[in-house]
Structures are given as structure tokens and as C-alpha cells.
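Chains as they are written, first to last, in the numbering used here: chain A, -10 to 100; chain B, 5 to 114.
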């Protein structure tokens, strides 16, 4: 498999459980945030985004929560499936600058 | 859907070789980016471009250069490959916010 998962914090869950992946971001002026999913052998894939004027956004089976007070972002995945196993990255952006990525968390889903 | 295509999935090159990594996007995006991804270090920005013939240094530009002669194509050049440039290279494009990534090129320099 790909080596991107080495040295990463890992979250192991059972199929059907809800998963929560956390991210601490660094720039208090960041106003846009994205979660990406990266499966083995593939590039990062957009999951969901949120702007700083919101504190919660929901997608299909996923919810992103933003707490600007403590610079914390979380991704909640409902009813986690084996196909959700991947590395998850948060990314932040301020204005029209470039995205800055977190180090990632590996999610392992057991059947 | 936007498609970002990287020409090679795997490359093996010798130390000192000049290496070209090619990236093409098909949705007329103005912005294109090159990142490298290493275990424990995440994605680090090498170079980016906001328009044809424009380029900006990212966080780790040393040892790399880029070329953007056409809007759809953004090339990363390793002038003289070294073993510490062994990595996964990811190209991305965007109109503004969310980036769309290619599948990556895993480069090994021996």
C-alpha cells in the first residue's frame, strides 16, 4: 500500500459506528476550510467545505463542525463503512491565498 | 467533473537526471499547483501558478522549477534529480476555493 499512512494518527472503528476526525488549524485568520479523503494510490478527493461564517455544514453522511474560538475543525462520518477507510486531511485558506494542509488522520474501518 | 491528469503514475530516475512531471486539467481553471507528499510531513506546496506564464514559489521550491505555457498544462521540472526528491508528487487545479487533485506521480530517484 501507499506510504502516506505511515506516522499518522489512526482512528479505528467498527463498521456502522460514527467516526469523528479532528483537526487543529493554525491560522486564526483562515476563512475557508476543506476536508479531503485520500484512498490508497489516489490523489486527495474533496469531501466537504465550510466557511468561517458558519459553524456546521452537513453533506451526505458527513458533517463538518468549525469552532473558531479554539481553531478546531472536525469531520463526522455517520454509519462508517469499509469504503470510508482512507487518510483524511483538513485544509485551511485565508482569503485568496493557497490551501495549507494538515498532516492527516488514517481511518480504519473493520467489518 | 474536472479532471486533472498526471502523465505518469510511477517514475524511476537516476541522480542528476532532468525530470519533467506533466499535469493537464480540462476545465479551464486558472490556478494550478504542485505539491509533494511525504510520510509524516503531509502535503507541501512547491510552486503554483495563477495564470499562463505566471509562477509563484510555494513553501519548498528549492531544486524545482515550473513551466506554464498553456492554461491547461503545468509542468514541474527537477533540474538535477536527487535522492531526497523521492516522493509522491500531486498536481491540483482550482478556480478559487476547492482544489481538484490528480492521482499523483510516485517518483523514485536512485
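Even for Gly, the Cβ is constructed at its ideal location relative to N, Cα and C.
Computed from a predicted structure; not experimentally measured.
Handout entry: Closest residue to residue 29/A among 13/B, 51/B, 102/B and 68/B (Cα-Cα distance)
Key = Reading the first chain from its first residue, position 40 is the one you call residue 29/A. The option with the nearest alpha carbon to residue 29/A is 13/B.
Handout entry: Rounded Cβ spacing between residue 98/A and residue 70/A (contact assumed at less than 8 angstroms)
Key = Numbered from 1 along the first chain, position 109 holds the residue referred to as residue 98/A. Numbered from 1 along the first chain, position 81 holds the residue referred to as residue 70/A. The beta carbons of residue 98/A and residue 70/A sit about 6 angstroms from each other, so the pair counts as a contact at 8 angstroms.
Problem - Among 38/A, 42/A and 5/A, nearest to residue 24/A - alpha-carbon criterion - result: Looking up residue 24/A in the first chain gives position 35. Ranking 38/A, 42/A and 5/A by Cα distance to residue 24/A puts 38/A first.
Handout entry: Below-8 angstroms beta-carbon distance, residue 1/B vs any chain A residue
Key = Limits of chain B in this structure are 5 at one end and 114 at the other, which puts residue 1/B out of reach.
Problem - residue -10/A at chain B interface by Cβ criterion, 8 angstroms - result: Here residue -10/A is taken as the residue at index 1 of the first chain, counted from 1. Because residue -10/A carries a pLDDT of 38, less than 50, the predicted location of this residue cannot be relied on, and the following value inherits that uncertainty. With 8 angstroms as the cut-off, residue -10/A does not count as an interface residue toward chain B.
Practice task
Please compile the residues from chain A whose C-beta is within a distance smaller than 9 angstroms of the C-beta of residue 37/B.
Solution key: Here residue 37/B is taken as the residue at index 33 of the second chain, counted from 1. 87 and 88, listed in chain order.
Practice task
Taking 8 angstroms as the threshold, find out whether the region 94 to 113 of chain B comes into contact with the region 30 to 45 of chain B through three or more Cβ pairs.
Solution key: Three or more beta-carbon pairs drawn from the region 94 to 113 of chain B and the region 30 to 45 of chain B are found closer than 8 angstroms, and the two stretches are therefore classed as touching.
Practice task
Please say whether residue 83/B and residue 22/B have beta carbons closer to each other than 8 angstroms?
Solution key: One-based indexing of the second chain puts residue 22/B at position 18. One-based indexing of the second chain puts residue 83/B at position 79. In contact: residue 22/B and residue 83/B (Cβ atoms closer than 8 angstroms).
Problem - Cβ-based neighbour list, residue 30/B, same chain, cut-off 6 angstroms, excluding 5 preceding and 5 following - result: For this step, residue 30/B is matched to residue 26 along the second chain. Excluding residues within five positions, the ones whose Cβ falls inside 6 angstroms are 7.
Problem - CB contact below 8 angstroms: residue -2/A versus chain B - result: Along the first chain, read from residue 1 onward, the residue named residue -2/A stands at position 9. So, not an interface residue.
Practice task
Compute the distance between the beta-carbons of residue 9/B and residue 87/B, then report whether it is under 8 angstroms.
Solution key: One-based indexing of the second chain puts residue 9/B at position 5. One-based indexing of the second chain puts residue 87/B at position 83. Residue 87/B sits away from residue 9/B, with the two beta carbons spaced by 8 angstroms or more.
Practice task
Check whether the Cβ atoms of residue 84/A and residue 20/A sit closer than 8 angstroms, and answer yes or no.
Solution key: Locating residue 84/A in the first chain gives position 95, counting from the first residue. Locating residue 20/A in the first chain gives position 31, counting from the first residue. In contact: residue 84/A and residue 20/A (Cβ atoms closer than 8 angstroms).
Practice task
Compare the C-beta of residue 92/A against all C-beta atoms of chain B and say whether one is closer than 8 angstroms.
Solution key: The residue given as residue 92/A occupies position 103 in the first chain. By this cut-off, residue 92/A is an interface position.
Exercise for the section: Could you have a look at residue 104/B and say whether DSSP puts it in helix, strand or coil? Expected result: Looking up residue 104/B in the second chain gives position 100. DSSP places residue 104/B in strand when its eight states are reduced to three.
Exercise for the section: Check the Cβ of residue 14/A against every Cβ in chain B and list those closer than 9 angstroms, keeping chain order. Expected result: What you label residue 14/A is simply residue 25 of the first chain in a count that begins at 1. Contacts between residue 14/A and chain B, judged by CB atoms closer than 9 angstroms, are missing: the closest CB pair is about 13 angstroms apart.
Exercise for the section: Using a Cβ cut-off of 8 angstroms (strictly closer), state whether residue 33/A contacts chain B. Expected result: In the first chain, counting from the first residue as 1, residue 33/A sits at position 44. At least one chain B Cβ lies under 8 angstroms of residue 33/A.
Problem - CB contact check: residue 38/A to chain B, cutoff 8 angstroms - result: The residue given as residue 38/A occupies position 49 in the first chain. So yes, residue 38/A belongs to the interface.
Practice task
For chain A, find out if any of its Cβ atoms is closer than 8 angstroms to the Cβ of residue 49/B; answer yes or no.
Solution key: The sequence position of residue 49/B within the second chain is 45, counting from 1. Residue-level contact by beta carbon holds for residue 49/B and chain A, with a gap shorter than 8 angstroms.
Problem - Nearest-angstrom Cβ-Cβ length linking residue 73/A and residue 54/A, presumed shorter than 8 angstroms - result: Position 84 of the first chain, counting from 1, holds the residue named residue 73/A. Position 65 of the first chain, counting from 1, holds the residue named residue 54/A. Going by Cβ atoms, the distance from residue 73/A to residue 54/A rounds to 18 angstroms, so no, they are not a contact pair.
Handout entry: Chain-order list of residues whose beta-carbon lies under 6 angstroms from that of residue 17/B (same chain, five-residue window excluded)
Key = In the second chain, residue 17/B corresponds to position 13, counting from 1. For residue 17/B, where only same-chain residues beyond five positions count, the Cβ hits under 6 angstroms are 23, 85 and 113.
Practice task
Tell me, please, whether the CB atom of residue 107/B is closer than 8 angstroms to any CB atom in chain A?
Solution key: Against the second chain, residue 107/B aligns to sequence position 103. Closer than 8 angstroms to some Cβ of chain A, the Cβ of residue 107/B qualifies, so yes.
Practice task
Report the residue from 77/B, 68/B and 50/B whose alpha carbon sits nearest the alpha carbon of residue 57/B.
Solution key: Reading the second chain from its first residue, position 53 is the one you call residue 57/B. Ranking 77/B, 68/B and 50/B by Cα distance to residue 57/B puts 77/B first.
Problem - Assigned exposure category for residue 100/A - 16 Cβ within 10 Å defines buried - result: Your numbering for residue 100/A matches position 111 in the first chain. It is exposed - the Cβ of residue 100/A has fewer than 16 other Cβ atoms within 10 Å.
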